[in-house]
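Converting from the sequence shown to this note's numbering requires adding 47 to each position, the first position being numbered 1.
We put the CB at the ideal spot given by N, CA and C, even for glycine.
Okay, so here's the structure we're looking at.
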Amino acid sequence: MQKRIMITGAGSGLGREIALRWAREGWRLALADVNETGLRETLEQARQAGGDGFVQRCDVRDYSQLTALAQACEEKFGGVDVIVNNAGVASGGFFAELSLEDWDWQIAVNLMGVVKGCKAFLPLLERSKGRIINVASMAALMQGPGMSNYNVAKAGVLALSESLLVELRQVEVAVHVVCPSFFQTNLLDSFRGPNPAMKAQVGKLLEGSPISAADIADYIHQQVAAGEFLILPHEAGRQAWQLKRQAPERLYDEMAEMAVKMRAKAPSR
Numbered sequence: 048m049q050k051r052i053m054i055t056g057a058g059s060g061l062g063r064e065i066a067l068r069w070a071r072e073g074w075r076l077a078l079a080d081v082n083e084t085g086l087r088e089t090l091e092q093a094r095q096a097g098g099d100g101f102v103q104r105c106d107v108r109d110y111s112q113l114t115a116l117a118q119a120c121e122e123k124f125g126g127v128d129v130i131v132n133n134a135g136v137a138s139g140g141f142f143a144e145l146s147l148e149d150w151d152w153q154i155a156v157n158l159m160g161v162v163k164g165c166k167a168f169l170p171l172l173e174r175s176k177g178r179i180i181n182v183a184s185m186a187a188l189m190q191g192p193g194m195s196n197y198n199v200a201k202a203g204v205l206a207l208s209e210s211l212l213v214e215l216r217q218v219e220v221a222v223h224v225v226c227p228s229f230f231q232t233n234l235l236d237s238f239r240g241p242n243p244a245m246k247a248q249v250g251k252l253l254e255g256s257p258i259s260a261a262d263i264a265d266y267i268h269q270q271v272a273a274g275e276f277l278i279l280p281h282e283a284g285r286q287a288w289q290l291k292r293q294a295p296e297r298l299y300d301e302m303a304e305m306a307v308k309m310r311a312k313a314p315s316r
């Protein structure tokens, strides 16, 4: 029987590349995003790659849209084997500058969107003995300066994934969490923050990455097959995580220096 996968944020970037990677194995795809044009393009590319499926507009902030997506997977596929909670938005700004609205928006999409995705699809996954792949970020582990609301949301995704890993083992639902560093993506399209200069700095980091979204999708596919829980696609990210575990104070000092440099480059208005 053909395997079935649901991916949020599938209209572009990493979500699209994950869809194409699994499509090459002949999977049936349920693709969701708020960007309907991007979704249709992803499905067309996925069909060329060897997969098939359907698209459905879905805003992960709205639980009823996620339960409707789960119902569509039930009706069209008879269930689902893997879900990828990938939809996310970018933001930045020092804590003093961020509004509470900035916090609400970030938590609603990047954290609660994942919580709601897991909740909506868990009954189907328990039935299929399936797996959850949550896309967090190295920000979940490293907490760089000038992005506290993003750090907190992504750290929440990591904590949720750890909680589900131990709770769902008994019902044979596997869990993985992916923590990529910066990579070439269109994440900045959704960027929200009080300081435009911060967006430019993040843009440079994204463009300067040696690794593409397709590379990350390949790495995720390989690590999921190997049964890895914590998936760190970037070599530099793996090294940084090792440093933090061995000498956290050294890392905090480096981050504090980075904050000073960022403030100098992007003085608050």
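* Asked: Is residue 203 helix, strand or coil when you go by DSSP?
  -> Residue state, collapsed to three classes: helix.
* Reduced DSSP secondary structure (H/G/I, E/B, other) of residue 259 -> DSSP, reduced to helix, strand and coil, places residue 259 within a strand of the structure shown.
* To do: Determine, using beta-carbon pairs with one atom in the region 138–156 and one in the region 59–71, whether at least three such pairs fall under 8 Å.
  => When C-beta atoms of the region 138–156 are compared with those of the region 59–71, fewer than three pairs fall below 8 Å, so the two segments do not count as touching.
* To do: Please list, in chain order, all residues of the same chain as residue 178 whose beta carbon is under 6 Å from its beta carbon, the five residues on each side excluded.
  => Leaving aside the five residues that flank residue 178 on each side, the residues in its chain whose CB is nearer than 6 Å to its CB run, in chain order, 129, 221.
* Asked: residue 223 bridges to which residues according to DSSP?
  -> Looking at the DSSP output, residue 223 bridges to 180.
* Asked: Quick one: Cα of residue 288 to Cα of residue 280, how far?
  -> C-alpha separation (whole angstroms): 12 Å.
* Asked: DSSP state of residue 160, grouped into three classes?
  -> Three-state result, residue 160: helix.
* Ordered along the chain, which non-local residues of its own chain (more than five positions away) have a Cβ less than 6 Å from that of residue 195? -> So the qualifying residues of the chain are 142.
* Quick one: what does DSSP say residue 185 is sitting in, helix, strand or coil? -> Looking at residue 185 - three-state DSSP - the assignment turns out to be coil, as it is neither helix nor strand.
* Who are the Cβ neighbours of residue 176 in its own chain at under 6 Å, not counting the five residues just before and after it? -> In chain order, 219 place their CB closer than 6 Å to the CB of residue 176, counting only its own chain and leaving out the 5 sequence neighbours on each side.
* Asked: Looking only at its own chain, which residues have a Cβ that is under 7 Å from the Cβ of residue 302, when we skip the five neighbours before and after it?
  -> If we look at residue 302 and ignore the five residues flanking it on each side, its Cβ neighbours are 191, 192.
* Asked: Does the region 155–171 come within contact of the region 120–139, defined as at least 3 CB pairs closer than 8 Å?
  -> Three or more beta-carbon pairs drawn from the region 155–171 and the region 120–139 are found closer than 8 Å, and the two stretches are therefore classed as touching.
* Asked: Which residues in the same chain as residue 265 place their Cβ atom closer than 8 Å to its Cβ, once the five residues preceding and following it in sequence are excluded?
  -> Once the five neighbours on either side are set aside, the close Cβ partners of residue 265 are 68.
* What does residue 78 pair with, by DSSP beta-bridge criteria? -> For residue 78, which the question treats as bridged, DSSP gives the partners 54, 102.
* Taking all protein chains shown into account, decide if residue 232 is buried (16 or more other Cβ within 10 angstroms of its Cβ) or exposed. => At residue 232 the pLDDT is 43, less than 50, meaning the model places this residue with poor confidence; the figure from the coordinates comes in the next sentence. Residue 232 comes out buried.
* Give the C-beta separation of residue 204 and residue 278 to the nearest angstrom, bearing in mind that I take them to be a contact with Cβ-Cβ under 8 Å. => Contact flag wrong, Cβ pair sits at about 13 Å.
* Asked: Do you know offhand how far residue 273's Cα is from residue 312's?
  -> Linking residue 273 to residue 312 through their CA atoms gives a straight-line distance of about 43 Å.
* Asked: Going along the chain, which residues of its own chain have a beta-carbon closer than 6 Å to the beta-carbon of residue 127, five neighbours each way excluded?
  -> Take residue 127, set aside five residues on each side of it, and the residues of its chain with a beta-carbon closer than 6 Å to its own are 51, 53, 120, 171, in chain order.
* Decide if the region 100–109 is in contact with the region 73–83; the criterion is three or more beta carbon pairs, one per stretch, under 8 Å apart. => Judged by Cβ distances under 8 Å, the region 100–109 makes contact with the region 73–83, as three or more pairs qualify.
* Asked: Residues bridged to residue 154 by DSSP?
  -> According to DSSP, which records beta bridges pairwise, residue 154 is partnered with nothing at all.
* **Start-to-end residues for the beta strand (DSSP E) that takes in residue 131** => 129–132 is the extent of the beta strand (DSSP E) around residue 131.
* Asked: Taking DSSP as the reference, what is the three-state secondary structure of residue 60?
  -> Looking at residue 60 - three-state DSSP - the assignment turns out to be helix.
* Asked: DSSP three-state call for residue 145: helix, strand or coil?
  -> In this structure, residue 145 counts as coil in the three-state DSSP scheme.
* To do: Using alpha carbons as the reference points, say which of 109, 88, 300 lies closest to residue 100.
  => Closest by alpha carbon: 88.
* Asked: Where does residue 138 sit, in a helix, a strand or coil, going by DSSP?
  -> Residue 138: strand per DSSP, three-state reduction.
* Would you kindly work out how many angstroms separate the C-alpha atoms of residue 97 and residue 181, rounded to a whole number? => Answer to the nearest angstrom: the Cα atoms are 24 Å apart.
* Buried or exposed for residue 125, please, with buried defined as at least 16 other CB atoms from any protein chain shown within 10 angstroms of its CB. => Answer is exposed; the Cβ neighbour count stays below 16.
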